[in-house]
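Structure record follows, encoded as structure tokens.
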Amino acid sequence: MRKRTSRSPLALLAVPAVAVTVLAGVWVAGGVISDDFRTSMALTAGWFAACGLTCASIARRWRALALPVVGTFVLTAGGVGAYLADTTLRDRVAHEHVITAIPAKDARGGQTPGSPIELTRGRFRAHEHATTGVARVVRAPDGRRLLTLTAFSTSPGPDLRVRLVPGASFDGGADGAVDLGGLKGNRGNQQYVVPGTADTAGQTVVIWCRTFSAPFGSAILSHVT
Numbered sequence: 002m003r004k005r006t007s008r009s010p011l012a013l014l015a016v017p018a019v020a021v022t023v024l025a026g027v028w029v030a031g032g033v034i035s036d037d038f039r040t041s042m043a044l045t046a047g048w049f050a051a052c053g054l055t056c057a058s059i060a061r062r063w064r065a066l067a068l069p070v071v072g073t074f075v076l077t078a079g080g081v082g083a084y085l086a087d088t089t090l091r092d093r094v095a096h097e098h099v100i101t102a103i104p105a106k107d108a109r110g111g112q113t114p115g116s117p118i119e120l121t122r123g124r125f126r127a128h129e130h131a132t133t134g135v136a137r138v139v140r141a142p143d144g145r146r147l148l149t150l151t152a153f154s155t156s157p158g159p160d161l162r163v164r165l166v167p168g169a170s171f172d173g174g175a176d177g178a179v180d181l182g183g184l185k186g187n188r189g190n191q192q193y194v195v196p197g198t199a200d201t202a203g204q205t206v207v208i209w210c211r212t213f214s215a216p217f218g219s220a221i222l223s224h225v226t
């Protein structure tokens, strides 16, 4: 009885220790070491393999830790793997009704007062994955600015974000990047509220995979001429 009690605290500590180690490794391997999506995925798979071998070795050497160590690893790795598989293998299609507008150059002529005005526009280019479509910033009649993505398509991925980045950079993690929210669908029309009143010309819309710190696609915004 004394032997089992003395080992119980260690077995209990093994559960959070293994879970935190696995998750921290996924974060480092997937989001810190490399900005390349495929490299990050390969590093994550390698980390899972290394963790699995280590846990198996611990289980063989210390039988009392076999269940908490191996069980925690299987549950943690399985949960992360299921999340990655669900977000990278399944398309999500947005069917949002987006605001349409006339270009600002036409509105200056006073032809359609009170109508939504298209301020800036950019066409998407691919980075880690094939990405197509058009990004527009539109000022609504109530003064709000909305970013619309139309004829949009990219690959599915984990934790994709829509970000506005200063200049022509496609680094969604750069200083000054503004997060507009999670990507509503990797395909289809959708729109997002742009905060503030600063000119968006010269800024870049980036579809950013936050999990692996990788850009899927970007569109440099410019005034409509």
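Position one of the sequence shown corresponds to residue 2 (our numbering), numbered consecutively onward. Backbone N, C-alpha and C fix where the C-beta goes; we use that ideal spot for every residue, glycine too. On a predicted model such as this, the values are computed, not experimentally measured, just so you know.
Buried or exposed: where does residue 120 fall if 16 or more other Cβ atoms within 10 Å of its Cβ makes it buried?
The residue is buried, with at least 16 neighbouring Cβ atoms inside 10 Å.
Between the alpha carbons of residue 203 and residue 220, how many angstroms are there, rounded?
C-alpha separation (whole angstroms): 10 Å.
Contacts around residue 45, its chain only, beta-carbon distance under 6 Å, and the 5 residues preceding and following it disregarded:
When the five nearest sequence neighbours on each side are left out, the beta carbons in the same chain lying within less than 6 Å of the beta carbon of residue 45 are those of 27, 30 and 31, in order along the chain.
May I have the straight-line CA-CA distance separating residue 167 from residue 214, to the nearest angstrom?
Looking at the two C-alpha atoms, the distance is approximately 17 Å.
Simplified DSSP assignment, three categories, for residue 209:
Three-state result, residue 209: strand.
Range of the contiguous alpha helix (DSSP H) that encloses residue 69:
For residue 69, the enclosing alpha helix (DSSP H) has its first and last residue at 67–90.
Opening and closing residue of the beta strand (DSSP E) in which residue 164 lies:
That run of the beta strand (DSSP E) goes 161–166.
Counting Cβ pairs, one atom from each stretch, are 3 or more of them under 8 Å apart for the stretch 86–99 and the stretch 170–182?
Taking a contact to require three or more Cβ pairs closer than 8 Å, the stretch 86–99 and the stretch 170–182 do not qualify as touching.
Examine the Cβ distances between the stretch 55–65 and the stretch 151–163 and report whether three or more of them are shorter than 8 Å.
Too few Cβ pairs lie closer than 8 Å, so no.
So if DSSP puts residue 180 in a beta bridge, which residue, or which two residues, is it bridged to?
DSSP output for residue 180 lists 164 as bridge partner(s).
Is it buried or exposed, residue 163, if we count other Cβ atoms within 10 angstroms and call 16 or more buried?
Classification of residue 163: buried, given that the 10 Å Cβ count is 16 or more.
Answer with buried or exposed for residue 1, where buried requires no fewer than 16 other C-beta atoms within 10 angstroms of its C-beta.
With the chain running from 2 to 226 in the structure shown, residue 1 is simply not present.
Just the C-alpha distance for residue 130 and residue 38, rounded to the nearest angstrom, thanks.
Taking the straight line from one Cα to the other gives about 9 Å.
Cut-off 8 Å between Cβ atoms - residues of its own chain near residue 160, not counting five sequence neighbours on either side
Only 88, 183, 210, 211 and 212 meet the Cβ criterion.
Give the secondary structure of residue 131 by DSSP, where H, G and I count as helix, E and B as strand, and everything else as coil.
When DSSP states are grouped into helix, strand and coil, residue 131 belongs to the coil group.
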